[in-house]
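Number of protein chains: 2
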Amino acid sequence: MRQSRARTQRVTITDVGHAAGVSPATVSRVLNGTAKVDAVLAGRVQAAVRTLGYHPNAAAQGLAKGRWGTIGVLVPDLANPYFPEILKAVSAVARANGHRVMIMESEENPAVEPELVADLLRSCDGLLLCSPRMRRDQLAELVARAHPMVLVNRIVPGLAVPAISVDFYGGTTSICGHLAQLGHRDVAYLSGPEASWANGERIRALEAAAAFGLRVTVIPAGATAADGGAAAEQALAAGATAVVTYNDLVAQGALARYRQLGVDVPTELSVVGFDNLSLDWSGQATLTTVAMPRDDLGRQAAELLERLMTGSPDTEPKLLPMELLIHETTGPAAR
Amino acid sequence: MRQSRARTQRVTITDVGHAAGVSPATVSRVLNGTAKVDAVLAGRVQAAVRTLGYHPNAAAQGLAKGRWGTIGVLVPDLANPYFPEILKAVSAVARANGHRVMIMESEENPAVEPELVADLLRSCDGLLLCSPRMRRDQLAELVARAHPMVLVNRIVPGLAVPAISVDFYGGTTSICGHLAQLGHRDVAYLSGPEASWANGERIRALEAAAAFGLRVTVIPAGATAADGGAAAEQALAAGATAVVTYNDLVAQGALARYRQLGVDVPTELSVVGFDNLSLDWSGQATLTTVAMPRDDLGRQAAELLERLMTGSPDTEPKLLPMELLIHETTGPAAR
DNA sequence: TGTAGATATGAAACCGCTTTCTCAGCTCTT
DNA sequence: AAGAGCTGAGAAAGCGGTTTCATATCTACA
């Protein structure tokens with residue numbers, strides 16, 4: 001008997017009204033402050049809420065109000081140290097605005113993204129898509145649904161959708177400048193996921209670096225340390241004196257492999273990371289890399305979304321600058 | 001006009017029924033497969049769903065069914081590399097069971113946890129509390145609310161609540177054994193958050209290691225690399241020949257500081273981590289540490305929760321074993 | 001002092017979906 | 001051939017809130 005009581009929902013607004021000797025409508029008004037209520041009644045309501053331990057049912061509120069009080073976030077991979085920090089910032093902003101956060105991860109699989117997004121749309125007021133890998137036309141379809149939505153780290157040319165990204169092109173260019181200055185000519189790029197816009201930006205910048213006299217070989221790798229380790233040797237085979245990587249994880253994996261192979265960094269080979277992940281928690285900033293303002297990215301994206309949800313349309317894509325951090329894994333070109 | 005249409009909710013089940021020439025009840029039955037429906041009608045419904053682009057409203061479903069299809073997770077700190085992996089496993093299990101995941105982070109602040117949990121309870125069918133820092137009595141109160149709930153990495157003696165944790169005591173003991181064998185006598189422990197049960201377990205094991213002849217000095221540090229760096233010197237001042245840390249982050253911070261100070265590890269000082277975080281993505285396993293089965297932890301916790309939500313009561317706390325990984329930061333005691 | 005106007009409260013409709021209840025239309029006995 | 005037993009579909013009643021609408025009470029002014 002008691003068990004079934006516990007199962008069959010807890011205290012309702014009617015119970016509270018009953019206990020306080022007022023109508024449910026009045027309870028609602030007190031709790032939301034939507035209308036003036038006699039101080040005495042309000043007091044009785046507050047008391048009843050406390051003694052009964054009343055908590056409004058979120059589903060019922062959502063249904064009645066037409067909004068959920070929740071924002072959804074889609075990330076490709078939670079284990080990538082890159083995202084938790086963004087999530088942290090997003091979470092903080094959302095909370096400050098009275099919103100909950102629902103997170104889904106696509107496991108780097110573009111195919112499941114539309115389904116996940118559809119699922120998020122059913123229960124969120126707004127969406128934050130981090131580095132979405134899905135096809136352009138699928139994105140366009142989403143945008144057409146006219147839900148508040150912000151793209152993080154992907155800019156879709158010709159698609160008017162609010163987006164906030166990091167200036168990967170600029171970051172990559174500064175890497176190229178640094179390498180060129182050190183006398184490097186042959187550069188290998190350990191490339192990230194095919195479908196990644198951010199990866200495309202890096203490649204675009206690398207190709208433009210022909211202007212600095214850099215010859216670039218693109219080697220498909222991936223986004224993890226394991227991918228970096230696996231692709232590391234191909235960079236050597238390509239005759240590169242410097243290796244640029246998709247991110248710090250790939251760089252770490254490659255570095256580990258080079259250590260194994262007895263290739264000294266940076267005297268024999270220079271290695272450059274991307275994102276500046278490691279510094280955050282190891283205190284040892286040995287990897288030359290470019291820093292991404294992750295906290296800013298998450299915060300600004302969330303703030304933009306909150307603004308969208310309250311109405312103001314603002315579809316101007318925004319780029320956050322990156323900073324080149326020269327550390328111990330780059331040096332003058334060998335030979 | 002069109003804008004207000006977009007705002008005022010999308011396609012409803014009634015619209016679909018209308019388009020298919022059936023009642024909303026029938027649409028619901030087709031979509032949920034809850035009852036036999038004529039194949040012809042079902043076909044018309046499916047078609048209508050597709051052409052109208054119907055997606056059931058989650059709040060309405062939640063309200064009607066009395067469940068939300070969502071599980072909530074509370075973590076102290078998303079930026080700690082420890083949690084994303086757990087979340088990943090949880091996320092996968094939840095998804096496999098048709099559940100969404102709602103995540104909140106307490107920013108290591110025990111004071112806000114009750115509020116966050118209350119918020120989660122309003123919109124989730126079950127809760128996963130990871131390393132909750134909140135007071136015992138607050139936890140007891142939560143348990144009394146009789147919601148499906150699993151504690152991860154905290155065992156509250158005398159409180160019958162499903163819990164799944166890692167055997168920190170055993171892990172710490174194996175560290176102590178390793179150090180004793182190397183001839184260490186004076187050990188410093190860079191301690192984690194006060195309110196952390198896991199930290200208490202480590203200290204309990206360290207104190208018990210007096211049996212191995214170890215004298216332990218506990219030095220308050222924290223959970224981050226910065227905390228480790230800040231507390232590193234105190235360990236030297238205490239005359240320790242070996243430093244045990246709350247986790248790998250703290251260890252990395254301390255290592256970085258010792259490098260700065262010119263203290264050689266492991267010849268002058270041994271350093272032991274906890275959790276085995278770094279290995280995952282750097283490929284370089286130089287830190288001696290104990291490995292925590294994070295993936296297992298997340299998966300088993302989520303599976304336990306799913307089981308609870310379908311009814312079966314199972315409050316036997318479970319401990320997952322840790323594994324000592326001896327690498328390059330420990331050696332024979334100096335002097 | 002009587003009536004217009006303001007205002008706080010309760011009754012009831014509604015949000016979109018599920019589920020029980022009811023009943024029409026069958027099949028199957030005898 | 002007529003009544004009993006199924007079966008599948010629609011009508012309607014919630015789920016637990018919010019919000020509109022109607023009304024009782026009170027203030028204010030002539």
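Protein chains in written order, with the UniProt record's numbering: chain D, 1 to 335; chain B, 1 to 335.
Using N, Cα and C, we set each Cβ at its ideal position, and we do this for glycine too.
Using the Cβ count rule (16 or more neighbours within 10 Å means buried), how would you classify residue i?
{"i": "residue 344 of chain D", "result": "Lying outside 1 to 335, the shown extent of chain D, residue 344 of chain D is not represented and no answer is given."}
{"i": "residue 336 of chain D", "result": "The shown model of chain D, from 1 to 335, leaves out residue 336 of chain D, and the question about it has no answer."}
{"i": "B/Asp119", "result": "buried"}
{"i": "B/Leu206", "result": "buried"}
{"i": "D/Ser165", "result": "buried"}
{"i": "D/Ala47", "result": "exposed"}
{"i": "D/Gln61", "result": "buried"}
{"i": "D/Leu277", "result": "buried"}
{"i": "B/Asp248", "result": "buried"}
{"i": "D/Asp38", "result": "exposed"}
{"i": "B/Ala301", "result": "buried"}
{"i": "D/Gly17", "result": "buried"}
{"i": "D/Pro266", "result": "buried"}
{"i": "B/Pro148", "result": "buried"}
{"i": "D/Ile13", "result": "buried"}
What's the gap between the Cα of residue i and the Cα of residue j?
{"i": "B/Asp275", "j": "B/Val40", "result": "58 Å"}
{"i": "B/Arg2", "j": "D/Val27", "result": "At B/Arg2, the pLDDT of 30 sits below 50, so the modelled position is not reliable and the matter cannot be decided from this model."}
{"i": "D/Pro132", "j": "D/Val75", "result": "7 Å"}
{"i": "D/Ala180", "j": "D/Ala230", "result": "26 Å"}
{"i": "D/Asp227", "j": "D/Leu236", "result": "15 Å"}
{"i": "D/Met309", "j": "D/Ser91", "result": "16 Å"}
{"i": "B/Pro193", "j": "D/Asp314", "result": "43 Å"}
{"i": "B/Leu78", "j": "B/Asp137", "result": "25 Å"}
{"i": "D/Ser23", "j": "D/Gly43", "result": "14 Å"}
{"i": "B/Asp296", "j": "B/Val290", "result": "15 Å"}
{"i": "B/Val250", "j": "B/Ala163", "result": "26 Å"}
{"i": "D/Ser196", "j": "D/His184", "result": "27 Å"}
{"i": "D/Met102", "j": "B/Pro110", "result": "22 Å"}
{"i": "D/Ile203", "j": "D/Gly273", "result": "14 Å"}
{"i": "B/Arg122", "j": "B/Ala144", "result": "16 Å"}
{"i": "B/Asn80", "j": "B/Glu108", "result": "10 Å"}
Assuming residue i is part of the alpha helix (DSSP H), what are its boundary residues?
{"i": "B/Arg301", "result": "Looking at the sequence shown, residue 301 of chain B is not Arg but Ala. Looking at the DSSP string, the run of the alpha helix (DSSP H) that includes B/Ala301 is 294 to 309."}
{"i": "D/Arg100", "result": "Element bounds for D/Arg100: not the alpha helix (DSSP H) but the beta strand (DSSP E), 100 to 105."}
{"i": "residue 345 of chain D", "result": "What the structure shows of chain D is the stretch from 1 to 335, and residue 345 of chain D is not part of that stretch, so it cannot be assessed."}
{"i": "residue 341 of chain D", "result": "Limits of chain D in this structure are 1 at one end and 335 at the other, which puts residue 341 of chain D out of reach."}
{"i": "D/Thr14", "result": "13 to 20"}
{"i": "B/Ala242", "result": "Per DSSP, B/Ala242 belongs to no alpha helix (DSSP H); it is in the beta strand (DSSP E), 242 to 245."}
{"i": "D/Ala254", "result": "248 to 261"}
With distance defined between alpha-carbon atoms, name the residue in the options nearest to residue i.
{"i": "B/Tyr169", "options": "B/Ser191, B/Ala198, B/Val150, B/Ala188", "result": "B/Ala198"}
{"i": "B/Gly158", "options": "B/Leu139, B/Ser174, B/Glu233, B/Ala146", "result": "B/Leu139"}
{"i": "D/Thr245", "options": "D/Asp264, D/Ala225, D/Gly239", "result": "D/Ala225"}
{"i": "D/Asp125", "options": "D/Val11, D/Asn97, D/Glu316", "result": "D/Asn97"}
{"i": "D/Glu113", "options": "D/Val93, D/Val73, D/Leu87", "result": "D/Val73"}
{"i": "D/Thr288", "options": "D/Val265, D/Ala163, D/Thr329", "result": "D/Thr329"}
{"i": "B/Glu316", "options": "B/Ala242, B/Val150, B/Ser106", "result": "B/Val150"}
{"i": "B/Arg10", "options": "D/Arg67, D/Pro56, D/Arg44", "result": "D/Arg67"}
{"i": "B/Leu293", "options": "B/His147, B/Tyr82, B/Asp264, B/Ala232", "result": "Rather than Leu, the amino acid found at residue 293 of chain B in this sequence is Pro. Of B/His147, B/Tyr82, B/Asp264, B/Ala232, the residue nearest in Cα terms is B/Tyr82."}
{"i": "B/Arg299", "options": "B/Leu116, B/Pro84, B/Gly262, B/Thr14", "result": "B/Pro84"}
{"i": "D/Ala209", "options": "D/Gly239, D/Ile219, D/His178", "result": "D/His178"}
{"i": "B/Gln252", "options": "B/Ser270, B/Ala240, B/Thr241", "result": "B/Ser270"}
{"i": "D/Gln260", "options": "D/Ala232, D/Val243, D/Glu306", "result": "D/Ala232"}
{"i": "D/Arg135", "options": "D/His147, D/Arg154, D/Val93, D/Leu128", "result": "D/Arg154"}
{"i": "B/Ile326", "options": "B/Gly222, B/Pro56, B/Gly33, B/Ile175", "result": "B/Ile175"}
{"i": "D/Leu190", "options": "D/Ala211, D/Gly200, D/Pro220", "result": "D/Pro220"}
{"i": "D/Arg95", "options": "D/Gly239, D/Glu303, D/Ala333", "result": "D/Glu303"}
{"i": "D/Pro321", "options": "D/Val218, D/Leu63, D/Ala240, D/Gly171", "result": "D/Gly171"}
Hey, could you find the ends of the beta strand (DSSP E) residue i is sitting in?
{"i": "B/Ala35", "result": "Looking at the DSSP string, B/Ala35 is not in any beta strand (DSSP E), and its letter there is neither H nor E."}
{"i": "D/Ala237", "result": "Element bounds for D/Ala237: not the beta strand (DSSP E) but the alpha helix (DSSP H), 225 to 237."}
{"i": "D/Gly126", "result": "126 to 130"}
{"i": "D/Met149", "result": "149 to 152"}
{"i": "B/Ser270", "result": "270 to 272"}
{"i": "D/Thr289", "result": "289 to 291"}
{"i": "B/Glu323", "result": "323 to 325"}
{"i": "B/Leu320", "result": "318 to 320"}
Return the chain-ordered ranges of every beta strand (DSSP E) run that is complete within the region 172 to 221 of chain D and spans a minimum of 3 residues.
Counting whole runs of 3 or more residues, the region 172 to 221 of chain D contains the beta strand (DSSP E) stretches 186 to 191, 215 to 220.
Scan the region 46 to 113 of chain B and note each continuous beta strand (DSSP E) run of 3 residues or more that stays entirely inside, going in chain order.
DSSP runs (the beta strand (DSSP E)) wholly in the region 46 to 113 of chain B: 70 to 75, 100 to 105.
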